[in-house]
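Notes to accompany the following structure.
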Amino acid sequence: MSRLALSIVAPAVDDILAGRKQVEIRSWAPPTIPLTDLVLVQNTIYLRQDGQEDPDGIALARVDVVGVHDWTPDEARSQGKQWCAGYVCWELTNVRAIASPFRCAAKRGVYALETARCHAS
88 MSRLALSIVA PAVDDILAGR KQVEIRSWAP PTIPLTDLVL VQNTIYLRQD
138 GQEDPDGIAL ARVDVVGVHD WTPDEARSQG KQWCAGYVCW ELTNVRAIAS
188 PFRCAAKRGV YALETARCHA S
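For the sequence shown, our numbering gives the first residue as 88, with consecutive numbering after it.
As structure tokens, this is what we get:
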């Protein structure tokens, strides 16, 4: 089975699962809206080059991306982040923990994650 996935540097997926984070800030918009059942893979290194991967990612959650909006200076301040023009917020809802988190490769962009273990608890 294949599901779409997005890798995010730790501890962001933990924060999403705990309800402390409701948006994911990116320099690019998702390929489609809504984007349902997106698997969130947490990893520990920033993937900055095309084709770069982190073999030590962990699939922790599934979410729905229901909207996107420009990231504002006010949002950045409320999040304790430095604002930078040109970024967007992916609006995340329907957050579900994966019942049995599993190791998988973290990749750049939205990518196909081949697994039969992408199920929520």
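Using N, Cα and C, we set each Cβ at its ideal position, and we do this for glycine too. Please read all numbers here as calculations on a predicted model, not as lab measurements.
message: Rounding to the nearest angstrom, what Cα-Cα distance links A105 and R149 in this structure?
response: Using only the alpha carbons, I get a separation of about 13 Å.
- prompt: Do you know offhand how far R183's Cα is from A172's?
  reply: Cα-Cα distance, rounded: 31 Å.
- prompt: According to the neighbour-count rule (16 or more other Cβ atoms, all chains shown, within 10 Å of its Cβ), is I103 buried or exposed?
  reply: Counting Cβ neighbours within 10 Å, I103 comes out buried, since at least 16 surround it.
query: CB-CB under 8 Å to V96, same chain, minus the five flanking residues each way: which ones, in chain order?
result: The answer, listed in chain order, is Q129, N130, T131, I132 and Y133.
- prompt: Between the segment 180 to 196 and the segment 138 to 145, do at least 3 Cβ pairs fall closer than 8 Å?
  reply: Touching, yes.
- prompt: Terminal residues of the continuous alpha helix (DSSP H) containing S94?
  reply: For S94, there is no enclosing alpha helix (DSSP H); the residue is part of the beta strand (DSSP E) that begins and ends at S89 to V96.
Reference L122, options R90, S114 and R107, closest by Cα: Considering only alpha carbons, the answer is R90.
- request: Flag this pair as yes or no: are the beta carbons of L200 and E111 separated by less than 8 Å?
  value: No. Outside cutoff.
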